[in-house]
Structure formats: structure tokens, C-alpha cells
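Q: Just dropping this structure here.
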Amino acid sequence: MSTSVVLPPLGESVTEGTVTRWLKQVGDTVQADEGLLEISTDKVDTEIPSPVTGVIEEILVAEDETIEVGALLARIGDGSASAPADDAPAAAAPAAEEVPAE
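Its first residue numbered 544, the sequence shown is counted upward by one per residue in the numbering used here.
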């Protein structure tokens, strides 16, 4: 299951922000409240924290891109999405070894 990371309200009159730097990349593990990215607005520069503990599955906004409050920034999963992909090749390899052995 994935959790969406959105640009939160940053002030009463702030309607948009620019991603200045991603602190984490796809595949990185993050803890809840750990910084994910830095945002710059006309009033403030701030760090956006992770809402949950998990693994970054997808980054949807590039650095230097300007986005509106509420826009989807990234998706964080629990890490289970990559587990089946790792298990599948391992399961296929022994099957391939058994065929020539017979």
C-alpha cells in the first residue's frame, strides 16, 4: 500500500512552491518525519517531511519544478512492492537448474 506525499499548506497566502532539492531518491528508506525534499516559496524555504516510514516508490515532481499546494509530490510504500520482484528470480533460478539435472 502506498502513501501519497502532497505539498502541505505553507502559509495563509502561499499557493505554490518550487522544489529546490530532493533529499531522498526512489528506493531510499525513510522514517516518519524525516526530511524528503526542500521547497522554496516567495515567503519561506522549508523542508517537507515524510508522513510515514517506508520506501520511496516514486518521485513525481522534478527539482526546480513549481507546484501548487496540495499537489502530489511522491509515493511512499511499505517496501513490500519490491519483495515479490526479488523473490521471483530466486524461485525461477532453481527451477532452471533442475531441468538440466534431469
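All C-beta atoms, glycine included, are put in the ideal place defined by N, C-alpha and C.
Since this is a predicted model, take the numbers as computed values, not measurements.
Tell me the residue span of the beta strand (DSSP E) that contains V587.
A: From DSSP, V587 is part of no beta strand (DSSP E); its letter is neither H nor E.
Q: How would you label V569, buried or exposed, when you count the other beta carbons within 10 angstroms and need 16 or more for buried?
A: exposed
Q: State the Cα-Cα distance for the pair V587 and D621, rounded to the nearest angstrom.
A: Rounded to whole angstroms, V587 to D621 spans 31 Å at the Cα level.
Q: Since L566 and T589 should fall inside the 8 Å C-beta cutoff, what is the C-beta to C-beta distance between them, to a whole number of angstroms?
A: Incorrect: roughly 12 Å between the Cβ atoms, too far for contact.
Q: With DSSP run on the structure shown, which of helix, strand or coil describes A614?
A: coil
Q: Mind reading off the beta-carbon distance from E559 to T609? Whole number of angstroms is fine, and I expect it under 8 Å.
A: 6 Å
Q: Relative to the C-alpha of S583, which candidate in S545, T546 and E611 has its C-alpha closest?
A: Closest by alpha carbon: E611.
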